[in-house]
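Some notes on the structure that comes next.
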Amino acid sequence: MWLRFKRDRTGVVSACVVLLYFVVSALAPLIANVYGKNPYTLYAREPEYPFLLDDFAMPTGSFGGMSGEFWFGVEPKLGRDVFTMLLYGMRTSLYMAVLVTTLCVVTGVLIGMVSGFFGGRVDYWLGRVTDFFLAFPQQLFFIAFMPVVTAMFVSPQDETPTYLRVVAITLVMWFLGWMGLARLVRGSVLTLREREFVEAAKVSGASPWRIVRKEILPNIVTPILVQATYILPSTILSIAFLSYIGVGFVEPTPDWGRMFAIGADVYEQDPMFMFFPGVALVVFVLSFNLLGDSVRDAFDPKTGR
Amino acid sequence: MSDDVTLPAQQGSASASAPSEVLLKVAGLTKHFPVYGGFPIKRKVGAVQAVDDVDLTVGAGESVGLVGESGCGKSTTGRLITRLMEPTGGRIEYAGRDITHASRRQLAPVRSEIQMIFQDPYSSLNPRQTVGTIIKSPMEVNGINPKGGRDTKVRELLELVGLNPEHFNRFPHEFSGGQRQRIGVARALALNPKLIVADEPVSALDVSIQAQVVNLLQKVQQELGIAFLFIAHDLAVVRHFSQRVAVMYLGKVVEVGDRVSIYSRPRHPYTHALLSAVPEVSTIDEPEDRERIRLAGDVPSPILPPSGCRFRTRCWKAQDKCASEVPPLVRIDGNHEGHLTACHFPEQPTTAARDEDIVLDPALTALEDTGKD
Ligand SMILES: Nc1ncnc2c1ncn2[C@@H]1O[C@H](COP(=O)(O)OP(=O)(O)OP(=O)(O)O)[C@@H](O)[C@H]1O
Ligand code: SF4
Ligand SMILES: [Mg+2]
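So this is what it looks like as structure tokens:
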């Protein structure tokens, strides 16, 4: 399997890219340290950088103020460093996406397995619950429920701590994110359960737990993985979307999505600001999807020679 | 722990002609699948009588054939015996112990002794497991550690069933249908079973390979002294394999007896019909000229089986009595010992040609008539 994967050049390249993103995000503080900036300081107000922004609060330098000091330029208006903003923004998004995806996958697989394997009444009721959650218009509920969930923990007068926002975003995305996978897993388990190799395992006396683990699970790893590689980038996009419309992360927490919001405000005067977060996002989502395809091929003993 | 399990003493010894010791005894075995219907509240509106009051015995080391048309409940019988399904009624005794409703845990000591070979070589092997894993896992489940390790045992088994032991690490899709079925045989043998239920093990295979696999099973059966319940849908396949044959029709055993009785002296009309469908079974002791019987239509629905004798809708000898009374499975005058038939008006114990062929299919009748002119 590993050998098969290694032979797939697209797969290896996209895996490296994805890995790079994760490493960079994980090491964001370190990199920022070496680079000597952070995403919170308003450099325009610092005495050592007197001419960062012009009179209209736009970056003075060409290409959004790119320079040896500020590799990706300077943020308009506030004058923060774009490079570190992006680093930390990616970090926030990736951590969140990994967390949400893991939760969704685990929940989806569990519910799907249980309803597929046990069938009958269990299946019926779990199916209705899944339908119920599927009936929510996702995007609308993200927007509508974020303040509600937050309000459940903090009174509206107080400042919402960041970790609570994290919890709220996670919860909302988790509750509305697991159904697709549960459906998929249920369907696969339902057909696998009737296959004769499962009966063969039963005849040899295998426990239901062993059958699920050894006979059924290996057969649905591929769809689960592939689905997970779709969920993860789409979660990143959703989080970005939430932040973009202002119900996700708020200032000063650096966030990928909010960089687009800022960028959208100023794109006429400073298109470069959008450039780096945009390219970073496109490259990430693309390579993640490519990685998903390669993983699927690698896991299937029938493809590849 | 397994002190009450019969010891592997008769392995290899109890072969051919000594079905003295009863290994499996099935009495009154019944399986009804409920049929639900109705709106808006679903309720039970009937039952598929897939298996109804079946009696069957298999002696240690004996090979028994179970034959019948498609949908007559053969697989269901096999699945009930291997306890993949819960019987609706009746009793299953294995080596003297009642396993009719035994739970998985209670079944554990006999699990390794009753194995199954499946019909479809494509769905009976897990596509994600290597051949080694597939054959090894029954041993893992039952905690069996053969001498020299499990891997060695797997290689021995592969060799025994005629496969290259070096193919240990291959995946099922790299094998042909016949080879896959051999892998299935190896898996069934991994636990040193005493009884193997083979559910149409060759009907999914190409005719040229069927004989090979049947020969393999026969070899296994004779060398290892394993009792077989061999399920097939025609009498040709089990002919050389089975010492005794049971013929099933619509959930019931209609005739059972030793091979010679069934093939040379059948009494039940249905057995006659099945036999006449077997190509080239003429051997020395049989006249060249054989009877020809063509049955009309399909097997009736097992949800509403005909009253009395279930074969009466397609039987050319049916009379009023057949509709009112269920014929018991008994020994009829002129039958050998152990040859039981369930028919009110049994046929002559011969397979010789009749004055006139029995053709019950209207379309075929028309064809034959035009042909005669
Ligand atoms: N799980 C089930 N639920 C409802 N009905 C069933 C079920 N399994 C089998 N049946 C019915 O029971 C009857 C007997 O089925 P079975 O599979 O035992 O036939 P068979 O003799 O093995 O036929 P074949 O030669 O086609 O394999 C059929 O009418 C079938 O429709
Ligand atoms: S009992 Fe009657 S209907 Fe049934 S097989 Fe015998 S003769 Fe035919
Ligand atoms: Mg069958």
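Same order as they appear, the protein sequences are chains A and B. Numbering follows numbering that gives the first Met the number 0, in which position 262 of the first sequence is assigned residue number 261; successive positions increment by one, without gaps. Numbering follows numbering that gives the first Met the number 0, in which position 362 of the second sequence is assigned residue number 361; successive positions increment by one, without gaps. Built from N, CA and C at the ideal position, the CB exists for glycine as well.
Inter-residue CB distance, residue i and residue j (contact presumed, cutoff 8 Å)
i	j	result
B:E254	B:R238	Not confirmed; about 15 Å, so no contact.
A:A96	A:T228	Not quite, the Cβ-Cβ distance comes to about 11 Å (not below 8 Å), so this is no contact.
B:A226	B:K193	6 Å
B:P33	B:K41	10 Å between Cβ atoms; not a contact.
A:P253	A:T91	6 Å
A:T129	A:A181	5 Å
B:S275	B:I292	4 Å
B:T29	B:D51	6 Å
B:L328	B:A317	B:L328 to B:A317, Cβ: 18 Å. No contact.
B:H31	B:T75	The pair is not a contact, with the Cβ atoms about 10 Å apart (cut-off 8 Å).
A:G115	A:V220	The Cβ separation is near 15 Å, so there is no contact.
Residue span of the beta strand (DSSP E) that contains residue i, given as start and end
i	result
B:M115	113-116
B:Y93	88-93
B:R42	42-58
A:G296	Just to set this straight, residue 296 of chain A is Asp in the shown sequence, not Gly. Premise fails: A:D296 lies in the alpha helix (DSSP H), 271-298, not in any beta strand (DSSP E).
B:G27	21-36
B:I195	194-198
B:V244	243-248
B:V253	251-257
B:L65	62-66
Proximity to residue i [Cα-Cα], best of the options
i	options	result
A:A27	A:A199, A:L93, A:Y42, A:L77	A:L93
A:A134	A:T101, A:I230, A:G176	A:G176
B:L23	B:V47, B:R96, B:K73	B:R96
B:Q242	B:V44, B:A187, B:H338, B:L159	B:H338
B:M138	B:T99, B:A94, B:R186	B:R186
B:D119	B:I292, B:K218, B:R179	B:R179
A:L102	A:F283, A:I223, A:I244	A:I223
A:P232	A:V11, A:L41, A:M89	A:M89
A:F298	A:L216, A:G245, A:R257	A:L216
A:A260	A:F240, A:V202, A:L170, A:V171	A:F240
B:S436	B:R311, B:R330, B:G333, B:I331	Because chain B spans 0 through 372 in this model, residue 436 of chain B falls outside it and cannot be assessed.
B:R169	B:R90, B:I331, B:Q48, B:Q128	B:Q128
B:T56	B:D257, B:E155, B:C321, B:R313	B:D257
A:L77	A:V278, A:T40, A:T106	A:T40
C-beta neighbour in chain D for residue i, strict 8 Å
i	result
A:F272	Judged by its chain identifiers, the structure shown contains no chain D, and its protein chains are A and B.
Proximal residues of chain B, C-beta to C-beta of residue i below 8 Å
i	result
A:V211	Ordered by position in chain B, no residue passes the 8 Å Cβ test against A:V211, which lies about 13 Å from the chain.
A:K201	L83
A:P217	N125, R127, Q128
A:E250	Chain B residues near A:E250: none, gap ~49 Å exceeds 8 Å.
Within 8 Å, strictly: CB atoms of residue i and residue j
i	j	result
B:G148	B:M115	no
B:I113	B:A189	no
B:S123	A:E193	no
B:L249	B:P304	yes
B:V252	B:A245	yes
A:V225	A:G126	no
A:S24	B:N141	no
B:L79	B:G161	no
A:V184	A:L170	no
A:F274	A:P75	no
B:G45	B:I302	yes
A:G256	A:G262	no
B:V212	B:G177	yes
Boundaries (first-last residue) of the alpha helix (DSSP H) holding residue i
i	result
A:T190	178-192
B:H271	268-275
B:E290	Segment: none, B:E290 is in no alpha helix (DSSP H) and carries neither H nor E.
A:F259	255-265
B:L228	Here B:L228 belongs to no alpha helix (DSSP H); instead the beta strand (DSSP E) covers 226-231.
B:C71	Element bounds for B:C71: n/a, residue is neither H nor E.
A:F196	195-202
Closer than 9 Å at the beta carbon, the chain A residues around residue i
i	result
B:R186	A199, S203
B:R110	V202, S203, G204
Contact list for residue i against chain B, beta-carbon separation under 7 Å
i	result
A:A194	Note that residue 194 of chain A is Arg in the sequence shown, not Ala. Near A:R194 (Cβ distances below 7 Å), the residues of chain B are S122.
A:E214	N125
Chain A residues whose Cβ lies nearer than 8 Å to that of residue i
i	result
B:M247	Near B:M247 there are no residues of chain A at all, since even the closest Cβ is about 21 Å away, more than 8 Å.
B:D52	Simply none; closest approach about 25 Å.
B:K190	Reading off the sequence, residue 190 of chain B comes out as Leu, not Lys. Going along chain A in sequence order, the residues near B:L190 (Cβ under 8 Å) are S203.
B:R103	G204, S206
B:N141	S203, G204
B:Q242	Chain A residues near B:Q242: none, gap ~24 Å exceeds 8 Å.
Per-residue contacts from residue i into chain A (C-beta, under 7 Å)
i	result
B:A374	This structure cannot settle anything about residue 374 of chain B, because the visible part of chain B is limited to 0 through 372.
B:P137	S203
- Residues passing the C-beta test against ligand 4 heavy atoms, cut-off 5 Å: Among the ligands modelled here, namely ligand 1, ligand 2 and ligand 3, ligand 4 does not occur.
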